[in-house]
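Chains as they are written, first to last, in the working numbering: chain C, 9 to 84; chain L, 9 to 84; chain E, 105 to 352; chain F, 105 to 352; chain U, 7 to 368; chain W, 7 to 368; chain Z, 5 to 187; chain S, 5 to 187. Glycine residues also receive a C-beta, built at the ideal position from the N, C-alpha and C atoms.
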Amino acid sequence: MKKGKIRILVDRCKGCALCIDECRYKEIKMSKKLNNHGYNVPEFLGKGQCTACKLCSIICPEAAIEIIELVEVEQC
Amino acid sequence: MKKGKIRILVDRCKGCALCIDECRYKEIKMSKKLNNHGYNVPEFLGKGQCTACKLCSIICPEAAIEIIELVEVEQC
Amino acid sequence: MVIEKIIYKKPESLTDCNFTYCSGCGHSTVHKLIAELVDELGIREKTIAVAPVGCAVFAYDFWNFDVSEAPHGRTPVVATAIKRIHPDNVVFSYQGDGDLVSIGLAEIMHTANRGENISVIFINNTNYGMTGGQMAPTTLLNQVTTTSPMGRNSKNYGYPIKMIELLVSLQGVKYLERVKITSPASILKAKKAIKKAFLNQINGTGFSMVEVLSACPESWKKTPREAIKWIDEEVSAYYPVGKIKDIE
Amino acid sequence: MVIEKIIYKKPESLTDCNFTYCSGCGHSTVHKLIAELVDELGIREKTIAVAPVGCAVFAYDFWNFDVSEAPHGRTPVVATAIKRIHPDNVVFSYQGDGDLVSIGLAEIMHTANRGENISVIFINNTNYGMTGGQMAPTTLLNQVTTTSPMGRNSKNYGYPIKMIELLVSLQGVKYLERVKITSPASILKAKKAIKKAFLNQINGTGFSMVEVLSACPESWKKTPREAIKWIDEEVSAYYPVGKIKDIE
Amino acid sequence: MLGKTIKMPQETVFIKGNHAIVEAAIDAGCRFYAGYPITPQNEIPEYMSKRMPEAGGTFIQAESELISINLVFGAGAAGARAMTTSSSPGISLMQEGISYMAGCEVPGVIVNIQRGGPGLGNIAPSQSDYYQAVKPGHGDFHSIVLAPHNIQEMYDYTVKAFDLADKYRIPVIVLSDGLLGQLMENITLKKDQETEYLDMPKDWALTGAKGRDGQRILSLLMRPGALEKHNEHLREKHRTICDNEIQYECFSIDDDIDCLIVAFGTVARISKGVINIAKDMRIGLFRPITLWPFPYMKINELSKRVKKVFVFEMNYGQMLDDVKIAVENSDKIEFYGRTGGGIPTQEELYQFIKARTKGRGY
Amino acid sequence: MLGKTIKMPQETVFIKGNHAIVEAAIDAGCRFYAGYPITPQNEIPEYMSKRMPEAGGTFIQAESELISINLVFGAGAAGARAMTTSSSPGISLMQEGISYMAGCEVPGVIVNIQRGGPGLGNIAPSQSDYYQAVKPGHGDFHSIVLAPHNIQEMYDYTVKAFDLADKYRIPVIVLSDGLLGQLMENITLKKDQETEYLDMPKDWALTGAKGRDGQRILSLLMRPGALEKHNEHLREKHRTICDNEIQYECFSIDDDIDCLIVAFGTVARISKGVINIAKDMRIGLFRPITLWPFPYMKINELSKRVKKVFVFEMNYGQMLDDVKIAVENSDKIEFYGRTGGGIPTQEELYQFIKARTKGRGY
Amino acid sequence: MEERIIIAGSGGQGVQTLGFLLAEVGMSDKKRVTWLPSYGAEKRGGFSFCHVVISDQEIYSPYIESPDTLLLFDQRALNTYKDYVLNHTLVIENSSLIKEDTVVNGKKVSIPATDIANSILFTQAANTVMAGAYFALKTIFHVENALKVMRAVLVKKSKQIFEKNEKALYQGFNFIKENYQYV
Amino acid sequence: MEERIIIAGSGGQGVQTLGFLLAEVGMSDKKRVTWLPSYGAEKRGGFSFCHVVISDQEIYSPYIESPDTLLLFDQRALNTYKDYVLNHTLVIENSSLIKEDTVVNGKKVSIPATDIANSILFTQAANTVMAGAYFALKTIFHVENALKVMRAVLVKKSKQIFEKNEKALYQGFNFIKENYQYV
Ligand SMILES: Cc1ncc(C[n+]2csc(CCOP(=O)(O)OP(=O)(O)O)c2C)c(N)n1
Ligand SMILES: Cc1ncc(C[n+]2csc(CCOP(=O)(O)OP(=O)(O)O)c2C)c(N)n1
Ligand code: SF4
Ligand code: SF4
Ligand code: SF4
Ligand code: SF4
Ligand code: SF4
Ligand code: SF4
Ligand SMILES: [Mg+2]
Ligand SMILES: [Mg+2]
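Now the structure itself:
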């Protein structure tokens, strides 16, 4: 299983909450924060369960979610 | 077999000749006459073979052919 | 004794004005059929026609019932409004292929889709007759016209539009038939189809359209006989005649 | 050691301007997909879009490639001309259902019939979003809108027009697919369909159109989630998704 | 719902301009409406979709402005009182249809809630369709053009539009704008009023040829001279209208004014405010209500009594043409216009007058 | 085929007005044409369907005038020289599109071979689209309007139209009529001429964002003040055009004329004939060639030198409005117009002048 | 020199072709020429006319109200244009199709053009017969000039058609020469 | 008496509703009233404003350039309208959403309307809080009058919603009474 995390571009987000439904690991949750446009935005929990599966970014209408894969590399 | 004759409303006729093709008894023939609009018009020959079948009037675009049935009636 | 019984004469619903169409023109035949039907159905006093812009714009000179003009292509729209105002009248639009398929395509489709209870008589002569025989969306492939001097090619102009086939999928449409008028038999069939379109309206069935493959000897540069032959051989090969939809 | 590899970010073909559409609006999703595809196909420098009059008129703020406006409904006409002038560019029209099915019905049909080698992205959200949610020819039966306060009834307004089914009979049309964007899986399918429409154009295949069933939470008075559900349950029941025509 | 009409005592209501149009049409006996959405007139088709069925009439949401105007043409030809509404780009699309109505002498009412242009422009109020209303599309014809300046007049002149349309068999345009369309104000409705020409017989209308020969609604006149004769008939009608139907308001015009403002619609209203604050100057307002027929004579007469004629519009000077025609001495005329949806304020008009009169008001 | 162009020695040809338009467009580098049939301009799309492919350009037979004008819009936006042609009712249908071209600053040429109106009218020549050409559709904009009066000018001003369109990014209308469209006359073609602005770079055109950010062709400007700013820019452009592009012809205007005729196009031609036969009167002709920008100043100046200003048109007085604006003293103006396809004859114009000047020519 | 000609008849009679021929002849003589057809309705057998002006100088109005010459093919043409005839107008009328002649002014010449054309078994050439008559009457052009122009156009199509037209032209020309002394 | 009010904020904050409420209160007091909304874009979270004029006499311009009262809901509203403030203008600003206050002229009153609304667990009622502040500051209307109008409209919808709004109204009213002496 890949490991990953996401970055929400808070000011692009419109708080539609569709990403939350999509994450089967419940790594995303609605927060109490309002962004600059007054939308209530979700936050990434970072429980370490994110697999960088991209589903949240695919459903996100706003292209507001960046997906980051965490790749283990040998130190050299 | 019914007997009939036709009357061509010469000034409605445009000389398209379609009626001529339609009469299987060849009762209609193109004449040398020009009507008031300059069209060369056909004439009814009256050979006595007309059956008032109406085919000529059906094909006539101009409603220029009247069909007359000749009905034998007992004198009284 | 022999008495003379007139069994056919020019219908009452025609005025005394001669048709001004070219010799052998299909408009004349269809005008005549419509007048005959209006007589036969006894609806002269409640018929309202909408004439198109096209050769048949002059229809109002020939029919002795109410006729309105309409801007080019908007013919079924004008008919729709008249029918909505006078639902008990018999209202039909009479349209050429330029009027109906080209500039008025949106109008006929929306009218059909709304299922307006009108009858549409559609005269397809595969060109713009009135303006001098230009290419229409209905022009056959390779047909030479004044704007397709090398013949219509599908690469630049696509394929001839089959209007009936296009309308068939619309639920609002109740009756579609394509006819020709090249012989007494086909003319009688055409008349029956138009009658059905009128009766559908009278019975409240809904939108009906009859497409008539119609001669334009003038633009086709053919004699009336040749024109009819061309319809039988070429035009109806591409545009098959017959009843395509009939929902009671 | 763990290094961070960004495997998805906002596509290059989007400007830094945030979408101004409502939360959960389908336009945003499709804009994003198109931008991703333009990046992936490496065609940003030769893509020319034509934006409609409708909510997506603002598309030109969001895409970082050339975009033209077009009068309401004439979108595919403008695209046609641009493509004819620049045949090596990738030209697509992006249109709402009001734009494409209502006022622009003749334009899309004639463009399709001419077989113009363009791609059409058709956003069907069953209403006029931009003007405040009025009934469109695509509005579902019984759907309440600001101009169908009692719900659309077929008697006065006919039936919702299935555009894809209407275009299918035109020979000039090469590819038609209806998609939805209600889940990651369906979004990926939608993306594939749009890609195919672009590739068809690049390969010279001809006219391609993809219809996207798209959420308009604002007019539907639904949350984004409810809107998506309504598409899955109601909208796509009437407008079945899938590939309807595909001629190579 | 916001902007919903509020009923007040004594038959008055607090109502939005767009809604007032609807009530007026229904009160005037209009039972056929067709329209296509466009901001800022959407409340008209929206409200109509409810009100017209209630009134037993036909509401059709047209699929385009071409369909709208041609539905109105057909309904008018059938003898009905019919209306469509739109805003600037949509009205441009109706130009052919309006010309047909004029040529065929089919009555009908067209409401234009103008917005900024050219092209798609924006949705803010504007008066930049003066030209296409008053100097219309192809052929020698005119529509009567009425320009209300408050919501009471949105109602009253819409009612009147139907009367004029029937009286003269002519298209009548109510030329309003986005501000008046959206504005709410108290007005008095005259419910179910008898309009003067409502029961006027329309023997020319198409109703079926019952007991008579078929009759025609047409504008094609191909026989040599026929169209010219028809146009002469139309011109005669135009002359009659010019003689009888000119309407205007003189506001604060007394014998010793130095300046005359000429303005219509929204800008006329704002100009009244200018006069109200410009206590230091002697200014009157002449407000044309009929833009066609245009009150040339009256303006000419008034212009002789003043030192300056100010023309204020929400465009770059369209009515200005007609004022120039009316005013003999062009040096007297000063124009100030805002465009693209800009609304001139009392203050800027006041300052403009001041600047052009060296502060003296003339 | 009748009406076929006949080549003459020395690069002159005997050519039909409608065909001259086609040759001019091709010679001016137009490689995109879209049109829909309508009499009396059918020879243009017909001849184009042959000539444009020969010239390697695109000919599209549009399925309506809406499609025509929007194809021209698209081709213009893509940087091409593009043209459409029609006649009056068809031009009415283009009003929205022309407004968009003006708003988006897309160049393009629109030829109007005017016919009688209103409505379907007839197919005889007319000048009754002056209004919709010169006082156009929605929004504050202008097209440049050129009015040729013979076949040489049908050619020359069509070529010029393309130059002006590109120079100013503006729609240009060639306002002709059925008589000039159908007339054959000897003219000189300037084959493959270099037009002044043919190679003008069009960085604003949509060609794909090669090495740059995406750019836009648009007219929607919703941000507060943005549209007004854009309109001010358009107005500046209009002013520049007014300063630089006014064209007219003074015919037989010398110091001691008593009467001035103002006429354009076909009627100007006939008016020359009037002057030719009216040896007993001292008459000059002022012929505006650009109808917008209109030569107000020159007419104003000339009008001061004469006792009468005659305005002759094939309509009920549309350019008359602009002449009234130009001429200070309205009592001097006498109007004679034929309409609905009527063509005024030399004789009737001559008699009219005589009657209005008590036979003295003034 | 300015010669203003109106030709009128019905669609199909060759009215426009005749006008065009005269225009070409004028041009071959290095004159300025305008040719203004009627348009739109003639194909339906309707009224057809054209205006041709041939001149040494700039031609102002190509639209003719006071014709120097009127070539009338049939009764309707005569009825329409009879009031245009001025004292100086030359009227050439096709007497085969004009029965009631009500023209009073002008110089009048009648020629049975249709009958002459029929007599050479080429009805369509009635217009060429009329042309022949015109050239016999108006000496501003040489009939040979006309023949040259006709040859250039017609020979391309068919030698036979040219020859028939040539015959028609001369029959029209000679008919006038034989029947009208005062020319 | 003429009171010219501009209200501004973002779509969804109840700007139009507040304007409409003030208009209704004016009417209930037998005044002439105009209400001019912004239209078209606000549903997309865009800028939203309305102009309300309440007067004893005919109202000329319903479009306001020199407001007597400005009700500003957020930073963008303030930025847009700060230059409209004249010496006599009363500015009521929602300090919950306005952080940089650059207004210099006029009489200024700050109230944390959004916070107050949140505190009664009804964020949507920020506009009613603002209304309460307005009625506390401008004595041309009675707050009871406003309550009556609100009751007529809201009770139809839900008693609970009315009660929350009533509470919001009074909290706004009282906040002013408690914090601003000069009123
Ligand atoms: C708006 C407009 N565009 C174009 C025309 C010119 N026009 C008149 S009839 C016609 C086409 C007629 O073709 P069709 O409808 O097929 O009728 P047909 O004459 O062939 O019977 C056209 C283009 C017009 N009158 N109005
Ligand atoms: C000629 C014209 N008519 C009407 C309008 C108003 N208008 C703007 S957008 C629109 C409809 C948009 O609906 P749709 O195409 O479905 O797009 P959506 O906003 O739903 O994405 C209308 C009618 C216009 N701008 N121009
Ligand atoms: S990438 Fe997948 S696992 Fe990670 S947050 Fe998004 S949906 Fe959840
Ligand atoms: S899907 Fe995107 S826009 Fe919606 S809440 Fe998640 S991050 Fe925000
Ligand atoms: S009725 Fe029949 S038989 Fe008689 S002429 Fe006509 S076609 Fe011949
Ligand atoms: S079918 Fe009719 S129009 Fe044709 S030739 Fe016979 S009678 Fe004449
Ligand atoms: S041109 Fe064609 S359609 Fe028109 S009248 Fe002649 S034959 Fe009929
Ligand atoms: S109104 Fe509908 S289509 Fe328009 S932006 Fe909002 S959700 Fe999207
Ligand atoms: Mg046709
Ligand atoms: Mg939509």
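Query	Result
Residue-chain proximity (residue 281 of chain E, chain W), Cβ-Cβ < 9 Å	no
Residue 159 of chain W beta carbon near ligand 1 (any heavy atom closer than 8 Å)	no
Contacts of residue 20 of chain W in chain Z (Cβ-Cβ under 9 Å)	27, 28, 31, 37, 39
Assigned secondary structure, residue 184 of chain E (DSSP; H/G/I helix, E/B strand, else coil)	helix
Residue 234 of chain F beta carbon near ligand 8 (any heavy atom closer than 8 Å)	yes
Option nearest residue 287 of chain W by Cα separation, candidates W:260, W:271, W:293	W:260
Check whether residue 164 of chain U and residue 177 of chain U have beta carbons under 9 Å apart	no
As assigned by DSSP and simplified to three states, the class of residue 448 of chain W	Here chain W has residues from 7 to 368 only, and residue 448 of chain W is not among them.
Candidates S:21, S:11, S:7, S:37, of which the one nearest residue 192 of chain U by Cα	S:37
Residue 237 of chain E beta carbon near ligand 5 (any heavy atom closer than 8 Å)	no
Heavy atom of ligand 1 within 8 Å of residue 199 of chain E beta-carbon	yes
Distance between residue 332 of chain W and residue 313 of chain U (C-alpha atoms, nearest Å)	20 Å
Neighbourhood of ligand 5 [Cβ distance below 6 Å to any heavy atom], ordered by chain position	L:12, L:14, L:30, L:31, L:33, L:35, L:36, L:58, L:59, L:60, L:61, L:62, L:63, L:64, L:75
Under 9 Å between C-beta atoms of residue 143 of chain Z and residue 130 of chain Z	no
Three-state secondary structure (DSSP) of residue 114 of chain F	coil
Closest by C-alpha distance to residue 197 of chain W, when choosing among W:31, W:168, W:24	W:31
Interface partners of residue 65 of chain S on chain D, CB under 7 Å	No chain D is present in this structure, whose protein chains are C, L, E, F, U, W, Z and S.
Rounded distance between the beta-carbons of residue 128 of chain S and residue 18 of chain S, thought under 8 Å	6 Å
Residue 82 of chain S to residue 293 of chain U span [Cα, whole Å]	37 Å
Inter-residue Cα distance where the pair is residue 241 of chain U and residue 147 of chain U	8 Å
Residues, ordered as in the chain, of the segment 228-239 of chain F that lie near chain U by beta-carbon distance below 7 Å	232, 235, 236, 238, 239
Cα-Cα separation, residue 278 of chain E to residue 244 of chain F	20 Å
Cβ-Cβ distance between residue 180 of chain E and residue 202 of chain E below 9 Å	no
One or two residues paired with residue 153 of chain F in a DSSP bridge	F:171, F:196
Positions along the segment 127-143 of chain W whose CB lies within less than 7 Å of some CB in chain E	none
Cβ-based neighbour list, residue 112 of chain Z, same chain, cut-off 6 Å, excluding 5 preceding and 5 following	95
For residue 41 of chain Z, the three-state DSSP class (helix, strand or coil)	strand
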